[in-house]
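What follows is a single structure, written as structure tokens, with notes after it.
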Amino acid sequence: MLNMYSSVGSLLGDVFLHLLPETWAHVGTDQSSTIIVGMSVVSGFLFFLLIEKIFPDDDDDDIKKSDHYLHQTEQILVKQMDNMTKQRHVTRQNGLIPENDQHKEITVKKKIKTMGWLNLLANVMDNFTHGLAIGGSFAVSHKVGYTSFASIVLHEIPHELGDFAILLKAGFTRQGAAKVQFITATAGVFGAVFALYSSSVVDT
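If you want my numbering, it's the 1-based position in the sequence shown plus 15.
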């Protein structure tokens, strides 16, 4: 839970203390552009809130399903114990050890919450725009490109740690969260390639 709180705090701090002030600084004194930036942020909040309401996570239903799975698991284990007892009885008579005379672990897949998928969607868009920034910077010069790359990497460290905690909270395993984060990171590669290709087309 502490990881969840720290991740949300780091993400909100980055938005309100870094991204928004930097965006408004580039906008300047144009009031209409400032309003557009603010409304874009509000629209993003409302969009993700709407998606989460359309696909709600029914905790009560999950509890009922968990109880049902536990009951089924208990019945399966009882049957397995009976089968193992019969197999041991046959083993004593034949002097053979059956290959399947082992305890089988029963695993129940945990449902992934909506916020996990929304986080992945936001990650894809975020990484794609970062790729655009890096590709555009390298199109200007190698020095600007390496500087932008280093700054974005440092900027992304708290983001990725926060996203990892959110994915764990949403129901992903540690290995699963790491895999999907790696997959979403490929969006940055596509963004960089798109920026470099667009720059080469404009130059020609």
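All C-beta atoms, glycine included, are put in the ideal place defined by N, C-alpha and C.
Applying the criterion that 16 or more other CB atoms from any shown protein chain within 10 Å of the CB defines a buried residue, is residue i buried or exposed?
i	result
G177	buried
K158	exposed
A185	buried
S215	exposed
K68	exposed
S22	buried
A210	buried
G151	buried
G288	Shown here, the chain extends from 16 to 219; a query on residue 288 therefore has no answer.
F187	buried
F197	exposed
F153	buried
Helix, strand or coil for residue i per DSSP?
i	result
P71	coil
D29	helix
T188	coil
I127	coil
D45	coil
V204	helix
With a Cβ-Cβ cutoff of 8 Å, do residue i and residue j count as a contact?
i	j	result
L183	A193	no
S48	V42	yes
G160	I172	no
L135	V208	no
I181	M130	yes
W39	V52	yes
I66	L133	yes
K3	D45	The structure shown does not extend to residue 3, since the chain spans only 16 to 219, so no value can be given for it.
What is the residue span of the alpha helix (DSSP H) that residue i lies within?
i	result
S156	Taken as a continuous stretch (DSSP letters only), S156 belongs to no alpha helix (DSSP H), as it is neither H nor E.
T38	35 to 42
- Is there contact between the segment 190 to 202 and the segment 139 to 147, where contact requires at least three CB pairs shorter than 8 Å? yes
- Per the contact definition of three or more C-beta pairs closer than 8 Å, is the segment 172 to 186 in contact with the segment 24 to 31? yes
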